[in-house]
Amino acid sequence: MEYLSKQRFDELVAELNYLIEVIYPEVRENVAETSAQGDRSENAGYREARRRQAKTISRIRFLQKVLEHSRVIDPAALPKDRVCLLSHVEFTNLATNTRMKFVIVSPHEMNLEAGKISLKSPIGAALMGKKVGEIAEAQTPSGILRLRIESVSLD
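First residue of the sequence shown: 22, per this note's numbering; consecutive thereafter.
Shown next, in the form of structure tokens:
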């Protein structure tokens, strides 16, 4: 079971609908056109069209599976005093005294450039359930990070 924000759920539904209603019919038509051009074994256009078709079908199936096994999170039901999914967390890396701020999200929403880390990442997992002032220890590839929670909110 994956939990998603309403925004991300809607984005995935929109992408799925676009693939099914717009992209797949174009791809299917392209396969038919290139297939009619003669010998398929020497037809690079046909092979490329089939690759694109397979890739599109794969993405459609992936999105269908994600949406089938996902639930939208109700932010009102989340605890406000501890780190949980959709929490905005500010913490300090005690080794470098560097402050960072991230939003804890599902793996399908992760985007480091937007300041979103997965709850399944080493840092996200270590922060989960912690309160302001507590120390979290994250086992990362570069070693153990000690992180002090400075603030938690559900902005």
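We treat Cβ as the ideally placed atom computed from N, Cα and C, and that holds for glycine.
Helix or strand or just coil, what does DSSP make of residue 111? strand
Determine the DSSP secondary structure at residue 50, reduced to helix, strand or coil. In this structure, DSSP gives residue 50 a helical state, which the three-state scheme calls helix.
Below 8 Å on the Cβ atoms is my contact criterion, and I expect residue 49 with residue 28 to pass it. Report the Cβ-Cβ distance as a whole number of Å. Going by Cβ atoms, the distance from residue 49 to residue 28 rounds to 31 Å, so no, they are not a contact pair.
Taking the CB atoms as reference points, tell me whether residue 94 and residue 25 lie closer together than 8 Å. yes
According to DSSP, what are the bridge partners of residue 132? 137
Could you tell me the alpha carbon to alpha carbon distance between residue 102 and residue 174, rounded to whole angstroms? 7 Å
Can you give the Cα-Cα distance for residue 150 and residue 99, rounded to whole angstroms? Note on geometry: alpha-carbon atoms of residue 150 and residue 99 lie some 11 Å from one another.
Assign residue 165 to buried or exposed, taking buried as 16 or more other Cβ atoms, counted over all protein chains shown, within 10 Å of its Cβ. exposed
Would you list the one or two residues that DSSP bridges to residue 149? In DSSP, residue 149 forms no bridge with anything.
Within 10 angstroms of the Cβ of residue 43, are there 16 or more other Cβ atoms? Answer buried if so, exposed if not. exposed
Excluding the five sequence neighbours on either side, which residues of its own chain have a C-beta within less than 8 Å of the C-beta of residue 85, listed in chain order? 37
Identify whether residue 122 lies in helix, strand or coil by the three-state DSSP scheme. strand
Beta-ladder partner(s) of residue 88, from DSSP: DSSP, once it has assigned bridges, lists no residue as partnering residue 88.
Which residues in the same chain as residue 23 place their Cβ atom closer than 8 Å to its Cβ, once the five residues preceding and following it in sequence are excluded? 87, 90, 91, 92, 127, 128 and 129, listed in sequence order.
Counting only the same chain and skipping the five closest in sequence on each side, list residues whose C-beta sits under 7 Å from that of residue 55. 64, 66, 67 and 70
Please return the same chain residues whose Cβ sits closer than 6 Å to the Cβ of residue 109, not counting the five positions on each side in sequence. 124, 174 and 176
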